[in-house]
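Reviewing the structure listed below.
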Amino acid sequence: MAAVAVVAVVAGLTAASLCVGALSTGPGETFRILGNWIHGHGFSSVPTDKETAVLHYRVPRTCVIVIAGIGLGLAGTLIQGHTRNPLADPGLLGISAGAALAIVVGIWFLDIDSVLGQVLLAFAGAAVAATAVFAIGGTGRRGDDPVGLVLAGAAVSALFGALTTTIILRSSQALDTFRHWTSGSVAWVDTGLLLSAAIPLLIGAVIAFASAPGMNLLTMGSEAASSLGLNVPRLRVAGLIAVTVLAGAATAVAGPLAFLGLTAPHIARGLVGADYRLILPMAAACSTAILFIADIIGRVVADREIPAGVMLVFVGVPFFLIVVRRTRFRAVA
Numbered sequence: 026m027a028a029v030a031v032v033a034v035v036a037g038l039t040a041a042s043l044c045v046g047a048l049s050t051g052p053g054e055t056f057r058i059l060g061n062w063i064h065g066h067g068f069s070s071v072p073t074d075k076e077t078a079v080l081h082y083r084v085p086r087t088c089v090i091v092i093a094g095i096g097l098g099l100a101g102t103l104i105q106g107h108t109r110n111p112l113a114d115p116g117l118l119g120i121s122a123g124a125a126l127a128i129v130v131g132i133w134f135l136d137i138d139s140v141l142g143q144v145l146l147a148f149a150g151a152a153v154a155a156t157a158v159f160a161i162g163g164t165g166r167r168g169d170d171p172v173g174l175v176l177a178g179a180a181v182s183a184l185f186g187a188l189t190t191t192i193i194l195r196s197s198q199a200l201d202t203f204r205h206w207t208s209g210s211v212a213w214v215d216t217g218l219l220l221s222a223a224i225p226l227l228i229g230a231v232i233a234f235a236s237a238p239g240m241n242l243l244t245m246g247s248e249a250a251s252s253l254g255l256n257v258p259r260l261r262v263a264g265l266i267a268v269t270v271l272a273g274a275a276t277a278v279a280g281p282l283a284f285l286g287l288t289a290p291h292i293a294r295g296l297v298g299a300d301y302r303l304i305l306p307m308a309a310a311c312s313t314a315i316l317f318i319a320d321i322i323g324r325v326v327a328d329r330e331i332p333a334g335v336m337l338v339f340v341g342v343p344f345f346l347i348v349v350r351r352t353r354f355r356a357v358a
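Pasting the structure below:
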């Protein structure tokens, strides 16, 4: 029942995302425009302002929200399960810090100013950061120790953050681009970036869902899971690869979206229980719904659009404090 309700909410928010904006369009008019586009009927004259708003702005924007929501929902669930830390989110692996550093390096050294180029740079930076964290904190005898990953993630994030600050203080162009990207905006209109993020998202999602049975065993602890035949180090590696790919794709297209990967897994557990085969899809749906709500509110609450990343903070900070108070840093069951 909860799953049906969440799917209905996501569907309704998707429709609202296509209709709401500075130039509002009714549901009937919006779907007529989409129907003409899907069936290739085209338009008899120059596209109207409403047709341009729906097809060239809201459709790509909605796709970005879906990609970022699914990616961060799945990544947050995996990282909380692997670290057994209810306060963990994909930023724990330094993914946002790595993406930010790659963007400013590309702007400063390589003079890359295209949207697609910056997306690819962000994804590469996220992958490098997560690989560095795993190499430092997840190898050898500490390969199944989540504490090592947490400490390594904090160290790598601090280092990358310092390097990013150093560069943007020396480059006004990097500062301007970084300031826009770091706000966590889903208002991209370049459709070329969607495919570059959708493919890794699909790969990461397949890995995530395939690891769900192992994640259920891991809730009993590494030693108990190993005694039942689970290859814990292999599951850790698969999980970290999935987190890197999923969160990297989401961060690349939408920037760092704080608290989304933290809140969605907790909501999903409250709705469907402790089975990761159910938590993962529910977290993806909840994360997407939260991001839709933040984006829609950001469009209409003020004269100028407020980035979704900023709106998420207003929701995420109280939620974060509630989780801290309730769990008192206990491990995820």
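Position in the sequence shown (from 1) plus 25 gives the number in the numbering used here. All C-beta atoms, glycine included, are put in the ideal place defined by N, C-alpha and C. Values in this document were obtained by computation on a predicted structure and should not be read as measured data.
Give the straight-line distance between the Cα atoms of residue i and residue j, rounded to the nearest whole angstrom.
{"i": "valine 181", "j": "valine 158", "result": "7 Å"}
{"i": "leucine 253", "j": "glycine 239", "result": "10 Å"}
{"i": "alanine 63", "j": "arginine 57", "result": "Note that residue 63 is isoleucine in the sequence shown, not alanine. C-alpha separation (whole angstroms): 10 Å."}
{"i": "isoleucine 192", "j": "alanine 272", "result": "24 Å"}
{"i": "leucine 243", "j": "threonine 189", "result": "36 Å"}
{"i": "aspartate 138", "j": "isoleucine 304", "result": "39 Å"}
{"i": "isoleucine 347", "j": "valine 340", "result": "11 Å"}
{"i": "leucine 59", "j": "valine 79", "result": "8 Å"}
{"i": "proline 343", "j": "leucine 287", "result": "12 Å"}
{"i": "glycine 209", "j": "threonine 156", "result": "23 Å"}
{"i": "alanine 27", "j": "leucine 99", "result": "18 Å"}
{"i": "tyrosine 301", "j": "histidine 107", "result": "12 Å"}
{"i": "alanine 333", "j": "asparagine 256", "result": "39 Å"}
{"i": "asparagine 61", "j": "glycine 53", "result": "12 Å"}
{"i": "arginine 350", "j": "glycine 264", "result": "28 Å"}
{"i": "alanine 267", "j": "alanine 277", "result": "15 Å"}
{"i": "aspartate 328", "j": "leucine 337", "result": "19 Å"}
{"i": "alanine 147", "j": "valine 31", "result": "31 Å"}
{"i": "leucine 285", "j": "valine 335", "result": "12 Å"}
{"i": "serine 196", "j": "isoleucine 128", "result": "12 Å"}
{"i": "histidine 205", "j": "isoleucine 331", "result": "12 Å"}
{"i": "valine 297", "j": "serine 312", "result": "15 Å"}
{"i": "isoleucine 321", "j": "serine 251", "result": "46 Å"}
{"i": "valine 45", "j": "alanine 279", "result": "19 Å"}
{"i": "leucine 176", "j": "arginine 86", "result": "35 Å"}
{"i": "cysteine 88", "j": "leucine 194", "result": "34 Å"}
{"i": "phenylalanine 354", "j": "glycine 162", "result": "Reliability fails at phenylalanine 354, whose pLDDT of 47 lies under 50, so the model's placement of it is uncertain and the value that follows must be treated cautiously. Near 20 Å, if we compare the C-alpha coordinates of glycine 162 and phenylalanine 354."}
{"i": "alanine 299", "j": "valine 130", "result": "42 Å"}
{"i": "glycine 165", "j": "alanine 293", "result": "With a pLDDT of 49 at glycine 165, under the threshold of 50, the modelled position of this residue cannot be trusted, and the question is left open."}
{"i": "glutamine 105", "j": "alanine 113", "result": "5 Å"}
{"i": "aspartate 136", "j": "glycine 142", "result": "10 Å"}
{"i": "glycine 323", "j": "isoleucine 228", "result": "31 Å"}
{"i": "serine 236", "j": "aspartate 201", "result": "40 Å"}
{"i": "glycine 168", "j": "valine 29", "result": "Confidence in glycine 168 is poor, its pLDDT being 49 and thus under 50, which makes the residue's placement unreliable; the coordinate value appears in the next sentence. Near 39 Å, if we compare the C-alpha coordinates of valine 29 and glycine 168."}
{"i": "threonine 55", "j": "alanine 41", "result": "10 Å"}
{"i": "phenylalanine 345", "j": "asparagine 241", "result": "24 Å"}
So residue i and residue j are in contact, right, with Cβ under 8 Å, and what is the actual spacing, rounded?
{"i": "alanine 249", "j": "leucine 97", "result": "The Cβ separation is near 29 Å, so there is no contact."}
{"i": "proline 281", "j": "threonine 207", "result": "6 Å"}
{"i": "leucine 43", "j": "valine 84", "result": "7 Å"}
{"i": "glycine 116", "j": "alanine 289", "result": "That pair is no contact at about 14 Å."}
{"i": "glycine 94", "j": "alanine 283", "result": "Rounded, the Cβ-Cβ distance is 14 Å, inconsistent with contact."}
{"i": "leucine 118", "j": "glycine 178", "result": "5 Å"}
{"i": "alanine 151", "j": "threonine 269", "result": "6 Å"}
{"i": "valine 144", "j": "leucine 218", "result": "5 Å"}
{"i": "isoleucine 120", "j": "alanine 154", "result": "6 Å"}
Using the Cβ count rule (16 or more neighbours within 10 Å means buried), how would you classify residue i?
{"i": "histidine 81", "result": "exposed"}
{"i": "asparagine 110", "result": "buried"}
{"i": "phenylalanine 203", "result": "buried"}
{"i": "isoleucine 224", "result": "exposed"}
{"i": "leucine 220", "result": "exposed"}
{"i": "phenylalanine 134", "result": "exposed"}
{"i": "alanine 160", "result": "exposed"}
{"i": "isoleucine 33", "result": "As written in the sequence, residue 33 is alanine, which differs from the isoleucine given in the question. With fewer than 16 Cβ atoms within 10 Å of its Cβ, alanine 33 is classed as exposed."}
{"i": "alanine 222", "result": "buried"}
{"i": "histidine 291", "result": "buried"}
{"i": "alanine 183", "result": "exposed"}
{"i": "glycine 246", "result": "exposed"}
{"i": "glycine 295", "result": "exposed"}
{"i": "valine 326", "result": "exposed"}
{"i": "leucine 174", "result": "buried"}
{"i": "valine 211", "result": "buried"}
{"i": "leucine 103", "result": "buried"}
{"i": "alanine 36", "result": "exposed"}
{"i": "valine 172", "result": "exposed"}
{"i": "valine 91", "result": "buried"}
Inset, instruction - Check whether the stretch 45 to 52 touches the stretch 69 to 88, counting contact only when three or more Cβ pairs, one atom from each stretch, lie closer than 8 Å. - result: With a cut-off of 8 Å, the stretch 69 to 88 and the stretch 45 to 52 count as touching, because enough Cβ pairs lie within range.
Inset, instruction - Would you check if the stretch 308 to 320 and the stretch 120 to 137 touch, i.e. whether three or more CB-CB distances between them fall below 8 Å? - result: Touching, no.
Legend entry - Any 3 or more C-beta pairs closer than 8 Å across the stretch 227 to 235 and the stretch 254 to 262: Because the criterion of three Cβ pairs below 8 Å is not met, the stretch 227 to 235 and the stretch 254 to 262 do not touch.
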